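**Student:**
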Amino acid sequence: MALKHPYYPLNAKIVGYHPMVLNMGYILAVFGGSMALVAILTWHVSGKYKRLTTQERIISCWFMVTGVIHFIIEGYFVVTPDYYKDSSGSYLSDAWKEYTKADSRYATRDDFIVGMEAITAFIWGPLCPLVTYSILKSKPWRFTLMLIVSLGQMYGDVLYYATCYLEGFVHSRPEFAYFWGFFVGLNSLWIIIPAYMMYYAVQNINNAVAGKKIAAKRR
Numbered sequence: 002m003a004l005k006h007p008y009y010p011l012n013a014k015i016v017g018y019h020p021m022v023l024n025m026g027y028i029l030a031v032f033g034g035s036m037a038l039v040a041i042l043t044w045h046v047s048g049k050y051k052r053l054t055t056q057e058r059i060i061s062c063w064f065m066v067t068g069v070i071h072f073i074i075e076g077y078f079v080v081t082p083d084y085y086k087d088s089s090g091s092y093l094s095d096a097w098k099e100y101t102k103a104d105s106r107y108a109t110r111d112d113f114i115v116g117m118e119a120i121t122a123f124i125w126g127p128l129c130p131l132v133t134y135s136i137l138k139s140k141p142w143r144f145t146l147m148l149i150v151s152l153g154q155m156y157g158d159v160l161y162y163a164t165c166y167l168e169g170f171v172h173s174r175p176e177f178a179y180f181w182g183f184f185v186g187l188n189s190l191w192i193i194i195p196a197y198m199m200y201y202a203v204q205n206i207n208n209a210v211a212g213k214k215i216a217a218k219r220r
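The opening position of the sequence shown corresponds to residue 2 in this note's numbering, with each subsequent residue numbered one higher.
(1) Taking 6 Å as the limit between beta carbons, can you name the residues of its chain near arginine 52, skipping five residues before and five after?
(2) Within the continuous alpha helix (DSSP H) that includes threonine 67, where are the two ends?
(3) So the candidates are Thr81, Trp97, Leu137 and Phe184; which of them puts its Cα closest to the Cα of methionine 25?
(4) Which of the three DSSP states is assigned to leucine 11 in this structure?
(5) Below 8 Å, how does it come out for the segment 164-176 and the segment 91-110: are there three or more Cβ pairs, yes or no?
(6) Going by C-alpha distance, which of Leu137, Trp44 and Thr101 is nearest tyrosine 8?
(7) Helix, strand or coil for tyrosine 197? Go by DSSP, reduced to three states.
(8) If you draw a straight line from the C-alpha of leucine 160 to the C-alpha of tryptophan 125, how long is it?
(9) Residues in its own chain within less than 6 Å of histidine 19 by CB, not counting five upstream and five downstream?
(10) So, helix, strand or coil for leucine 23, using DSSP?
(11) Considering only their Cβ atoms, is the gap separating tryptophan 142 from serine 151 smaller than 9 Å?
(12) May I have the straight-line CA-CA distance separating serine 189 from threonine 43, to the nearest angstrom?
(13) Please report the residue range of the alpha helix (DSSP H) in which tyrosine 1 lies.
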């Protein structure tokens, strides 16, 4: 007899589901600890570049952390369509089984979800560390790349919420942790932070252009 899955809607066609081996607490602890380690290492490296401001160092950490999340965690989802069938207790499989309680479209391989995650993982994922590199090295194109990546992140997340809204938010379990914690809270970070990154990048680009115009008038 096939095992019953825990995802909403309960009649979603998800065949072969295997229960999680790891629990939510362990999954969150490993995720939080790993991302903290990436941030700490990036902060340490950025400290060697004395010309960087505290804000620039924090931004460097953000792009490195989000790049790791995109490429490794979201990339795993893209290349592992049957993660919910895994019985080995693999961390990434169980992490996705847990998150899928907030959005069952991941298990049903919704076309939008797979496409959006593929772009996020394999385009924005590698570009995020490149933004960090450009900040550390003060490359003249750093703000342009920051703007492009942040716009891409925010656009994908807005569409993610929009499709859920149009479908009536039927793919998430009703518990607070899954709907408000994972679905709303966690994902909203990729709207709030990229929005600020876009503002920051545009301000710096505008200031650079204005500075060049002033310099040209003085010649």
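Every residue, glycine too, gets a C-beta built ideally from N, C-alpha and C.
Here the structure is a predicted model, which means the values were calculated and not measured.
**Tutor:** Working from what's here:
(1) Within the sequence shown, numbered from 1, the residue matching residue 52 stands at position 51. Result list for arginine 52: empty, nothing under 6 Å.
(2) Position 66 of the sequence shown, counted from the start, is the residue given in the question as residue 67. Start and end: 55-69.
(3) Translated into the one-based positions of the sequence shown, residue 25 becomes position 24. Cα-wise, what sits closest to methionine 25 is Trp97.
(4) Counting from one through the sequence shown, the residue named residue 11 turns up at place 10. The answer is coil: DSSP assigns leucine 11 none of H, G, I, E or B.
(5) yes
(6) Position 7 of the sequence shown, counting from 1, holds the residue named residue 8. Nearest option by C-alpha distance: Thr101.
(7) Mapped onto the sequence shown, residue 197 falls at position 196. In the structure shown, tyrosine 197 sits in a helix (DSSP, three-state: H, G or I).
(8) Mapped onto the sequence shown, residue 160 falls at position 159. Mapped onto the sequence shown, residue 125 falls at position 124. Near 16 Å, if we compare the C-alpha coordinates of tryptophan 125 and leucine 160.
(9) Position 18 of the sequence shown holds residue 19. Cβ within range, chain order: Lys86 and Ser88.
(10) Along the sequence shown, one-based indexing puts residue 23 at 22. If DSSP states are grouped into helix, strand and coil, leucine 23 belongs with coil.
(11) Your numbering for residue 151 matches position 150 in the sequence shown. Your numbering for residue 142 matches position 141 in the sequence shown. It is not a contact, given that the beta carbons lie outside the stated cut-off.
(12) Here the question's residue 189 lines up with position 188 in the sequence shown. Here the question's residue 43 lines up with position 42 in the sequence shown. If you take the alpha carbons of serine 189 and threonine 43, they lie about 23 Å apart.
(13) Any question about residue 1 goes unanswered here, given that the chain covers just 2 to 220.
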